[in-house]
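**Student:**
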Amino acid sequence: MKTDSLLIRIGLAFYLLLFFTYLLGPLVLMSITAFNSPSFPQATPWEVLTFEWFRVLYNDARIINGIKNSFIVGFFTVILSVIMGLAGALMLTQIWPKMRATFYTIIIAPILIPGVVLGISTLVFWDRINVMLGLSNDSFLHNGILLTVLGQSTFIASYCMLVFVARLQRYDTGLTEAALDLGATHTQAFRKIQLPFLAPAIGSAAVLAFLASFENYNTTTFTFGKYPTLTIELAQKVRYGINPSISSLAFIIVVLTVFFALAHEVRNRRAQLAIANGAPVGAVSAGFKLPKVFAGNPAAIILALFVTVSISLIAFAQFYDPEPAKAVLLKKKRAEQQKRIDALQKRLKEKRLQKIFKGPDIFGDGSSKVPQPPSKTPFGNVFDPGNLNKVAPGKEKPAAKPASPFGNVFDPGNLNKVAPEEKGKTTKP
Amino acid sequence: MGNGLLKDFFKRNGTVMGWFLIIAVTFWVVVLIILPQISMFDFSFRNHLPPPEMGGPKDVYTLKNYKYLIFGAEGNPDAYNKTDLAVFGKTLLAAAFVTILDLVLCYPIAYYLGQSRGGGLTRVLVLFLIIPYWINEILRAFAFRIIFGDSGVINEMMMFLGLIDSPIDFIRENVALYAGLGYAYILLMIFPMYNVIESLDRNQIEAARDMGASWVKIHRRIVIPYAKPGISSGCTMVFMLSAGALAAPQILGGPSSLWFTQIIYQWFNQGGNWPQGSAFAAVLLATCIFIVLAVMRIFKVNMGDIGK
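One line per chain: the protein sequences are S and C, in this order.
Take 1 as the starting number for the first sequence in our numbering and just add one per residue.
Take 1001 as the starting number for the second sequence in our numbering and just add one per residue.
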């Protein structure tokens, strides 16, 4: 029984490791490619550490424009979705019970409808309205930003609604009633009682909405018009030729994500610790109690480390110059390439020489047997005409060198060739 | 009666709040959800016309676009539109495969996270789960393209170890696509299951174990029946999202394999035949709705369980 549970435990640990490798490995590898110098994103073979892809990214006008559009779309989508999601959630709490299931199905449906369908229906619908109103083809109803915001909000509002429903389940309606009894108007009761209660949910719904909007592709790809968002630009780049500047963007996003996730975790954990210690959050976070924050809060330690590493990396990037290392690598590569070219040329020459010296195969010797079998007669086959162009059998190996002391300058086959050194140069970029 | 309800509604919310709720909800439900779907459905029955002819005598309803999906263009030598139907079927099958893959991958994790006592490790693992989900969909697909490319890490490593001589074309074999799609929706599979399993009373499992139930039996008789809403909710979402995925197939799909959404995309962006594209989209939507309803009926799950 004991060994059994041990076995399960080891298996579980192994599975967890495997699973999280699958989950995080791709992101790590992609981040690594951002720092490797080859112009095709690859982690292996590692060449030279470089930061130039970040500069390429920074100078990419289309990406920068995409980020701008994404932020505009994200901003309006957040506002629209949070408002609609909140209204939907409030409506759900007080709608006629028999209608509730239907209403819920309708407002949850956008999550389940394929994003492609949402994009298409938005595009078609507003286009029909445009035709009906007799507007021209570049009216505001064909504006990519407007259509994208509408299309995205359709389903992002459902996410927001779910967040609000979860929060509202813990709301005590007695509070609103008490406020009303005390003479507050409905609007006042909502603004002063219910809205503050919902504030954390509004915050998380807004973050969720922004992230969903920022990374949406399926819906946006039909509605963006003349305003491609970052995701659209990325998709086009990835489809039509990739270079590591995309990896560098991914790296930045990964770093930001990890940073905010850790920061969030630290805050949560601190609040938890505070509750556990019976002290309000402010008391823990205020003053010179930093070491205590770290105590029992691994996320805080990781966060601190993470920030330190990021800052030193940025500082390092300011001073680091990949050029010397690159030059060394280039030299090495060239030398290698040169060696390969030389070897190839020599081999070609050998062959050609063989052919010339041999002429027609009058002695009936199998001239095709280029690697001659070791001879058995005491004289070897020194009188074999096929041997004329060869060094002595014992020196078979350095055959890569020119056979005659003059090299093969008199080789007629060389007339149409550049000198070996020249050729090596011309093939290089 | 409706009048009374409305009066009651305003009495409960006040005029300003009442109007706010009605306008916001109506805008969302009617203008953003229902009308566009109806309009797309309507459009799918129309002829492909240049804008000036819309509303003209040629603008009549037709079944042409749906006929095209089933029987192909006129003069098609085959009885059916084999290309598009095959792609449609393949998409659904592949989406089902991805769903099952995710379910198998995620169940142990969801069980482990749900049953562990919420220590520091669990929190960190949950954080790890969420982080990939915040990375752009395109970038996730891009990462898989780097990994599975000809000179990607997997090929390089296998060649280094001497397992293979020449790189395997994972993109053409669709391995990259399945891995990428499965990866993209892991979170949507884990969380519904995790939420349900977390609420499972551990004593039930202890009791079963004390009574001598085997490990397999505990899962089959206790955990899985209890987690059924979570499992079906996760499966529904993963299936719908993979069937409707566009980015991953575009980036990771092999040259010979198309996803149904890619055909729709082509009708809109390259073919320029919107009614035809709308018809295909309507078919996709109807199929997805049908499958979701069927799954909910079979596993006796309510709509309310989805999205928890």
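We put the beta carbon where it would ideally sit given N, CA and C, even for glycine.
Note that the structure is a prediction, hence the values are computed from the model and not measured.
Within the 8 angstroms Cβ cut-off, does Arg1220 of chain C reach chain S?
**Tutor:** For Arg1220 of chain C, the answer is no, since every Cβ of chain S falls outside 8 angstroms of its Cβ.
**Student:** For a quick check, are the C-beta atoms of Ala1286 of chain C and Ser1044 of chain C less than 8 angstroms apart?
**Tutor:** Cβ distance not < 8 angstroms, so Ala1286 of chain C and Ser1044 of chain C don't count as in contact.
**Student:** Using the C-alpha atoms, what's the distance from Ile1298 of chain C back to Trp1215 of chain C?
**Tutor:** So the alpha carbons of these two residues sit roughly 26 angstroms apart.
**Student:** How do the region 24 to 31 of chain S and the region 1132 to 1152 of chain C stand: do at least 3 beta-carbon pairs fall below 8 angstroms, yes or no?
**Tutor:** Yes, the region 24 to 31 of chain S is in contact with the region 1132 to 1152 of chain C.
**Student:** Step through the CB atoms of chain S and report whether any lies within less than 8 angstroms of the CB of Ile1168 of chain C.
**Tutor:** Ile1168 of chain C does not count as touching chain S.
**Student:** Report the rounded CA-to-CA distance for Lys1300 of chain C versus Gln1204 of chain C, giving the unit in angstroms.
**Tutor:** Cα to Cα, Lys1300 of chain C sits roughly 23 angstroms from Gln1204 of chain C.
**Student:** Hey, does Ala1207 of chain C have any beta-carbon neighbour from chain S nearer than 8 angstroms?
**Tutor:** Output row for Ala1207 of chain C: interface = no.
**Student:** Could you compute how far the alpha carbon of Lys333 of chain S sits from the alpha carbon of Gly1180 of chain C?
**Tutor:** Taking the straight line joining both Cα atoms gives about 35 angstroms.
**Student:** Quick one: Cα of Thr1026 of chain C to Cα of Thr173 of chain S, how far?
**Tutor:** Roughly 24 angstroms between the two C-alpha positions.
**Student:** Taking 8 angstroms as the threshold (C-beta atoms), are Gly1114 of chain C and Leu1188 of chain C in contact?
**Tutor:** The answer is no: Cβ separation not under 8 angstroms.
**Student:** Helix, strand or coil for Tyr948 of chain C, going by three-state DSSP, please let me know.
**Tutor:** Any property of residue 948 of chain C remains undetermined from this structure, which presents chain C solely from 1001 to 1308.
**Student:** Please report the Cβ distance between Gln94 of chain S and Arg1012 of chain C, rounded to the nearest whole angstrom; I am assuming they are in contact, meaning their Cβ atoms lie under 8 angstroms.
**Tutor:** Contact holds; Cβ gap of about 6 angstroms.
**Student:** Taking the CB atoms as reference points, tell me whether Ala109 of chain S and Ile1033 of chain C lie closer together than 8 angstroms.
**Tutor:** Going by C-beta atoms, Ala109 of chain S is nearer than 8 angstroms to Ile1033 of chain C.
**Student:** For Thr1261 of chain C and chain S, any beta-carbon pair shorter than 8 angstroms?
**Tutor:** Thr1261 of chain C counts as touching chain S.
**Student:** Using a 10 Å radius around the Cβ and a threshold of 16 neighbouring Cβ atoms, would you call Ser942 of chain C buried or exposed?
**Tutor:** Nothing in the structure corresponds to residue 942 of chain C, since chain C is present only between 1001 and 1308.
**Student:** With a cut-off of 8 angstroms, does the C-beta of Gly88 of chain S fall near any C-beta of chain C?
**Tutor:** At least one chain C Cβ lies under 8 angstroms of Gly88 of chain S.
**Student:** How far does the alpha helix (DSSP H) with Trp126 of chain S in it reach, from first residue to last?
**Tutor:** Unbroken alpha helix (DSSP H) run through Trp126 of chain S: Gly115 to Leu133.
**Student:** For a minimum of 3 consecutive residues, which ranges assigned as the beta strand (DSSP E) are wholly contained in the region 177 to 226 of chain S?
**Tutor:** Runs found: none.
**Student:** Measuring only the C-alpha atoms, how far is Phe14 of chain S from Ile129 of chain S?
**Tutor:** The straight-line gap from Cα to Cα measures roughly 57 angstroms.
**Student:** Excluding the 5 residues flanking Ser248 of chain S on each side, which residues of the same chain have their C-beta closer than 6 angstroms to its C-beta?
**Tutor:** Same-chain partners within the cutoff: Ala34, Trp53, Phe54 and Leu57.
**Student:** Leaving aside the five residues before and after Leu1241 of chain C along the sequence, list all residues of the same chain whose C-beta is less than 8 angstroms from its C-beta, in chain order.
**Tutor:** Result list for Leu1241 of chain C: Ala1184, Tyr1185 and Leu1188, in chain order.
**Student:** Alpha carbon to alpha carbon, how far is Arg1123 of chain C from Asn268 of chain S?
**Tutor:** So the alpha carbons of these two residues sit roughly 11 angstroms apart.
**Student:** If distances are taken between C-alpha atoms only, which option among S:Ala300, S:Val255 and S:Phe260 comes closest to Leu273 of chain S?
**Tutor:** Comparing Cα-Cα distances from Leu273 of chain S to each of S:Ala300, S:Val255 and S:Phe260, the minimum goes to S:Ala300.
**Student:** What first and last residue would you give for the alpha helix (DSSP H) that runs through Tyr1112 of chain C?
**Tutor:** Looking at the DSSP string, the run of the alpha helix (DSSP H) that includes Tyr1112 of chain C is Lys1082 to Gln1115.
**Student:** Once the 5 residues before and after Phe197 of chain S are set aside, which same chain residues still bring their CB inside 8 angstroms of it?
**Tutor:** Cβ neighbours of Phe197 of chain S beyond the five flanking positions: Arg167, Tyr171 and Leu175.
**Student:** Is it the case that the region 212 to 228 of chain S contacts the region 115 to 129 of chain S, given that we only count it when at least three CB pairs across the two stretches are under 8 angstroms?
**Tutor:** Because the criterion of three Cβ pairs below 8 angstroms is met, the region 115 to 129 of chain S and the region 212 to 228 of chain S touch.
**Student:** In the DSSP assignment, find the alpha helix (DSSP H) that holds Leu1200 of chain C and state where it starts and stops.
**Tutor:** Neither: Leu1200 of chain C is in no alpha helix (DSSP H) and is coded neither H nor E.
**Student:** Can you check DSSP and say which residues form a bridge with Arg1309 of chain C?
**Tutor:** No information on residue 1309 of chain C is available, as it lies outside the stretch 1001 to 1308 that chain C covers here.
**Student:** For a contact meaning CB atoms closer than 9 angstroms, what does Glu265 of chain S contact in chain C?
**Tutor:** Within 9 angstroms Cβ-Cβ: Arg1123, Val1124 and Leu1127.
**Student:** Measuring straight from C-alpha to C-alpha, what distance separates Ser5 of chain S and Arg270 of chain S?
**Tutor:** Going from the Cα of Ser5 of chain S to the Cα of Arg270 of chain S covers about 35 angstroms.
**Student:** Checking 8 angstroms against the spacing of the C-beta atoms, do Leu102 of chain S and Thr148 of chain S come in under that value?
**Tutor:** Here the sequence assigns Thr to residue 102 of chain S, which means Leu is not the residue at that position. For Thr102 of chain S and Thr148 of chain S, no; Cβs fall outside 8 angstroms.
**Student:** Which value, in whole angstroms, describes the spacing of the CA atoms of Val1104 of chain C and Gly1230 of chain C?
**Tutor:** Their backbone Cα atoms lie some 14 angstroms apart in a straight line.
**Student:** Assuming Trp1274 of chain C is part of the alpha helix (DSSP H), what are its boundary residues?
**Tutor:** First-last of the alpha helix (DSSP H) with Trp1274 of chain C: Trp1274 to Ile1298.
**Student:** Kindly indicate if chain C contains any beta-carbon less than 8 angstroms away from that of Leu23 of chain S.
**Tutor:** Yes, Leu23 of chain S counts as interfacial toward chain C.
**Student:** For Met91 of chain S and Ile111 of chain S, what's the separation of their Cα atoms in angstroms?
**Tutor:** Their backbone Cα atoms lie some 19 angstroms apart in a straight line.
**Student:** When DSSP builds the beta bridges, which residues end up paired with Asn439 of chain S?
**Tutor:** It is not possible to answer for residue 439 of chain S, since the shown part of chain S is limited to 1 through 429.
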